[in-house]
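Asks:
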Amino acid sequence: MSRLVSDLGKDLVGLEPLSANQIRTVLDTAEPFKEISERPIKKVPVLRGKTIVNLFFEPSTRTRVSFEFAEKRLSADTVNVTAAGSSVVKGETLVDTARNMEAMRIDMVVMRHIASGAARFLAERIPSNVINAGDGWHEHPTQGLLDLLTIRDHKGRIEGTRVCIVGDILHSRVARSNIYGLLKLGAEVGVCGPPTLLPVGIQELGVQVFRRVEEAIEWADVLNVLRLQLERMQSGFVPSLREYNRFYGVSSARLERAREDLLILHPGPINRGVEMDSDVADGPRSVILNQVTNGVAVRMAVLYLLAGGTPETAESAKHAAES
12 MSRLVSDLGK
22 DLVGLEPLSA
32 NQIRTVLDTA
42 EPFKEISERP
52 IKKVPVLRGK
62 TIVNLFFEPS
72 TRTRVSFEFA
82 EKRLSADTVN
92 VTAAGSSVVK
102 GETLVDTARN
112 MEAMRIDMVV
122 MRHIASGAAR
132 FLAERIPSNV
142 INAGDGWHEH
152 PTQGLLDLLT
162 IRDHKGRIEG
172 TRVCIVGDIL
182 HSRVARSNIY
192 GLLKLGAEVG
202 VCGPPTLLPV
212 GIQELGVQVF
222 RRVEEAIEWA
232 DVLNVLRLQL
242 ERMQSGFVPS
252 LREYNRFYGV
262 SSARLERARE
272 DLLILHPGPI
282 NRGVEMDSDV
292 ADGPRSVILN
302 QVTNGVAVRM
312 AVLYLLAGGT
322 PETAESAKHA
332 AES
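If you use the working numbering, the sequence shown corresponds to residues 12 to 334, in order.
1. At 4 residues or longer, what runs of the alpha helix (DSSP H) sit wholly inside the region 219 to 300?
2. Measuring straight from C-alpha to C-alpha, what distance separates residue 37 and residue 312?
3. Using the three-state DSSP reduction, which class does residue 15 fall into: helix, strand or coil?
4. Am I right that residue 176 and residue 209 are in contact with their C-beta atoms under 8 Å? What's the rounded C-beta distance?
5. Can you give me the Cβ contacts of residue 263 inside the same chain, cut-off strictly under 8 Å, excluding the 5 residues immediately before and after it?
6. Buried or exposed for residue 107, please, with buried defined as at least 16 other CB atoms from any protein chain shown within 10 angstroms of its CB.
7. Using CA coordinates, which residue listed in 315, 50, 169, 279 is at the minimum distance from residue 185?
8. Considering only DSSP beta bridges, list what residue 211 is partnered with.
9. Buried or exposed: where does residue 15 fall if 16 or more other Cβ atoms within 10 Å of its Cβ makes it buried?
10. Less than 8 Å between C-beta atoms, sequence neighbours within five positions excluded: which residues of the same chain meet that for residue 195?
11. When the distance is taken between beta carbons, is residue 68 closer than 8 Å to residue 149?
12. With a threshold of 16 other CB atoms inside 10 Å of the CB of residue 47, please say whether the residue is buried or exposed.
13. Roughly how many angstroms separate the alpha carbons of residue 251 and residue 275, rounded to a whole number?
14. Between which two residues does the alpha helix (DSSP H) containing residue 80 stretch?
15. Identify, in the order they occur along the chain, each residue of the same chain with its Cβ nearer than 7 Å to the Cβ of residue 260, setting aside the five sequence neighbours on each side.
16. Tell me where the beta strand (DSSP E) around residue 63 begins and ends.
17. With a threshold of 16 other CB atoms inside 10 Å of the CB of residue 122, please say whether the residue is buried or exposed.
18. Looking at the unbroken beta strand (DSSP E) that takes in residue 88, where does it start and where does it end?
19. Could you have a look at residue 114 and say whether DSSP puts it in helix, strand or coil?
20. Using 8 Å for Cβ pairs, my map puts residue 225 next to residue 257. What's the rounded Cβ distance?
21. How do the region 214 to 230 and the region 156 to 164 stand: do at least 3 beta-carbon pairs fall below 8 Å, yes or no?
22. Where does residue 272 land, buried or exposed, given buried means 16+ other C-beta within 10 angstroms?
23. Is the distance from the Cβ of residue 171 to the Cβ of residue 197 below 8 Å?
24. Opposite residue 201 in the DSSP bridges: which residues?
25. I want to know whether the region 130 to 146 touches the region 297 to 309 - three or more CB-CB distances under 8 Å.
26. In angstroms, rounded to a whole number, what distance separates the CA positions of residue 70 and residue 91?
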């Protein structure tokens, strides 16, 4: 069973393999899909007849629900599978699970997995399109894309914009996708966090390292604040959550040093009072809810492009009505 190879290729496993033009293609395709979510009837029939399996082997709320909204708004048929509800708990391998689904004639798999590289591993072994919804410490490409779209919406451009990623860089697949995407589109990228939460040699990616969050805030046009991924940590990375907030938490007092038009992003969920205070998360600089809205449009764009759509046809697809 063959699959159409789109402008993005067969799969989306990360932003590192994509060119700048491919990334721009996703962002441009997402634009007309934003309007669909504002309609009374939030649906177009462009993926009618396609079957998409959401295969989530890690807990997720935002990403899973966002993909479900995107799939349903494009009129695809969806099936949700979690690790606890699959034969994986009986010892079945990932590939056997996917191949059994392939036998039911599915078209796409959206997968989140605890193991880095799992999405690529699966993509190389099944003909269905595979979309990485986060794999271990590796990448989370659609989160990176929606962050890029949010920055472009508010700044008008990405090239030349200074973006600093603050927090747990070591364990963050979001950080990696952001770094790859931002650098390809010409942004200046910085990272800031405790030395224990910065990957060794991260400067080799072409990013600037800030040791103090105050310096990062003064430098940046955009601050993308990451949560501490306590579920991935062993003891010893930070002395305590209170100590982390004291030295690296984003507060209103620290933002007094910021540029007037500084943007605050966060991929969620937010640990309020740890990586940022509530008045920052809910304040006028925050575009966190815009990120959530853009997430649905970006995922619609990715699904549409992998199904063979193009940026040129996305505008006409937006006007398609259910019959």
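We put the beta carbon where it would ideally sit given N, CA and C, even for glycine. For clarity, every value in this text was computed on a predicted model and none was experimentally measured.
Replies: In terms of the structure at hand:
1. If you keep only unbroken alpha helix (DSSP H) runs of at least 4 residues inside the region 219 to 300, you get 224 to 230, 252 to 259, 263 to 266, 289 to 292.
2. 6 Å
3. Low per-residue confidence applies at residue 15: pLDDT is 48, beneath 50, and the placement is therefore not dependable, though the value from the model is reported in the following sentence. Reduced to three states, the DSSP call for residue 15 is coil.
4. At roughly 10 Å, the Cβ-Cβ gap does not stay under 8 Å, so residue 176 and residue 209 are not in contact.
5. 288, 290, 291, 294
6. Residue 107 is classed as exposed because its beta carbon has fewer than 16 other beta carbons within 10 Å across all chains shown.
7. 279
8. According to DSSP, residue 211 bridges with nothing at all.
9. Unreliable positioning characterises residue 15 in this predicted model, as indicated by a pLDDT of 48, which lies under 50. A coordinate reading is not provided.
10. 26, 29, 30, 31, 34
11. no
12. Result: buried.
13. 24 Å
14. 73 to 84
15. Only 285, 286, 287, 288 meet the Cβ criterion.
16. Per DSSP, residue 63 belongs to the beta strand (DSSP E) from 62 to 67.
17. buried
18. 88 to 93
19. coil
20. Not really, about 12 Å apart at Cβ, beyond 8 Å.
21. no
22. Exposed.
23. yes
24. DSSP lists 175, 219 as partners of residue 201.
25. Contact between the region 130 to 146 and the region 297 to 309 is not established, with fewer than three Cβ pairs separated by less than 8 Å.
26. 13 Å
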